[in-house]
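Numbering (our numbering), first residue to last: 309 to 644.
Backbone N, C-alpha and C define an ideal beta-carbon position, used for all residues, glycine too.
Everything on this sheet refers to the single structure shown next.
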């Protein structure tokens with residue numbers, strides 16, 4: 309193939325998925341077989357419209373090029389995508405009923421599972437066209453008795469491409485250096501309309517592919533359990549209508565927490581957390597540290613795995629709050 313040969317979206321896709329690992333990643337994001345991608349690039353089969361729409365989002369660096377090449381073949385293909393359309397403002401009544409029924413019929417310890425249902429519905433409601441949205445739940449790390457909340461932890465998430473559908477593998481601690489930390493510290497929603505604004509205000513809280521963001525506290529009776537953090541691949545995505553929709557889902561989420569999981573604003577004093585790359589070595593050891601903690605305490609007192617996890621989280625939190633790191637380094641090893 310020469311440089312003079314006209315490029316098409318199929319040729320571009322073929323170049324980008326030449327690596328087998330990348331081919332598997334893209335196929336997984338689209339929900340198709342890797343062989344199907346090869347057939348597309350060879351013009352032996354045609355992708356469905358919803359799959360074709362996702363290509364610019366799966367390859368953010370080639371977003372504009374994919375849009376232009378696809379529209380060269382299918383004029384006005386993206387014009388009806390609805391990037392400026394507002395979602396339906398009301399949460400479906402059937403979904404409300406389903407959540408309330410599940411809440412009423414579930415044991416307290418099983419209610420956190422409802423959060424997954426709520427996050428998935430919010431994702432579907434806000435991003436029906438798969439424009440690119442990620443929704444994460446960030447909760448206050450349980451402090452020692454009579455102590456203040458010192459950090460948040462990202463514990464659960466759901467997303468559309470270009471992010472992976474499940475975000476739990478990227479759990480991390482967040483403090484005042486982050487957008488969620490700022491929202492929780494002030495007890496009010498905080499919105500970043502574009503990447504440049506956020507990069508100036510929160511340079512240490514970088515989210516790949518994010519162009520606009522919203523952090524919305526989970527509040528009950530003026531007490532806070534954490535916040536919902538939303539990232540969009542589009543600038544100015546979080547309009548007033550969308551913010552109001554998020555608030556409705558926040559009200560549902562608040563039902564899944566016990567009273568002791570909410571904290572007065574005066575009892576929240578978040579510290580500074582290091583960037584994620586400096587946390588990874590600590591987080592990788594989490595389950596090992598929990599098992600060791602249970603082993604060490606056996607015979608001295610009874611402890612549930614949940615209590616052991618909370619204790620270890622506080623130990624990691626303390627180390628991270630006191631961590632000294634060099635921004636030029638890639639990571640920091642845990643103290644021994």
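Query, Result
"Beta-carbon proximity list for residue 632, same chain, < 7 Å, skipping 5 on both sides", "none"
"Cβ pair residue 427, residue 447 closer than 8 Å", "no"
"CB contact flag (residue 467, residue 531, <8 Å)", "no"
"N-terminal and C-terminal residue of the beta strand (DSSP E) that residue 525 is part of", "520 to 528"
"Coarse secondary structure for residue 452, derived from DSSP in three states", "coil"
"Cβ contact (3+ pairs, closer than 8 Å) linking the region 594 to 601 and the region 546 to 559", "no"
"Boundaries of the alpha helix (DSSP H) in which residue 489 is found, first to last residue", "487 to 494"
"Cβ-based burial, residue 584 [other Cβ within 10 Å; buried from 16]", "buried"
"Proximity to residue 533 [Cα-Cα], best of 457, 582, 540", "457"
"Spatial neighbours of residue 566 in its chain, beta-carbon cut-off 8 Å, leaving aside the 5 residues before and after", "416"
"Beta-carbon contacts of residue 353 that lie in its chain and below 8 Å, excluding the five residues immediately before and after", "344, 347"
"Outcome for residue 483 when other beta-carbon atoms lying within 10 angstroms are tallied against a minimum of 16", "buried"
"Same chain only: Cβ atoms within 6 Å of residue 450, ignoring 5 sequence neighbours per side", "618"
"Any C-beta of chain C under 8 Å from that of residue 404", "Note that chain C does not occur in the displayed structure, where there is just one protein chain."
"Close-in-space but distant-in-sequence residues of the same chain around residue 325 (CB under 6 Å, 5 per side omitted)", "331, 334, 345"
"Helix, strand or coil at residue 630 according to DSSP, with G and I counted as helix", "coil"
"Alpha-carbon to alpha-carbon, residue 569 and residue 413", "21 Å"
"Residue 341 classed as buried or exposed, judged by whether at least 16 other C-beta atoms fall within 10 angstroms", "exposed"
"Between the CA atoms of residue 495 and residue 576 - distance to the nearest angstrom", "10 Å"
"Sheet register partners of residue 443 (DSSP bridge)", "466, 538"
"Validate contact between the region 430 to 444 and the region 360 to 373 using beta carbons, cut 8 Å, 3 pairs", "yes"
"6 Å CB neighbourhood of residue 626 in its chain, flanking five on each side removed", "none"
"Contacting residues, own chain, Cβ-Cβ under 7 Å from residue 628 (five flanking each side not counted)", "481, 581, 582, 587, 590"
"Own chain, CB closer than 7 Å to residue 411, minus 5 neighbours either side, in chain order", "419, 422, 563"
"Three-state secondary structure (DSSP) of residue 378", "helix"
"Element boundaries [alpha helix (DSSP H), containing residue 407]", "401 to 413"
"Status (buried if at least 16 other CB within 10 Å, exposed otherwise) for residue 539", "buried"
"Three-state secondary structure assigned by DSSP to residue 343", "helix"
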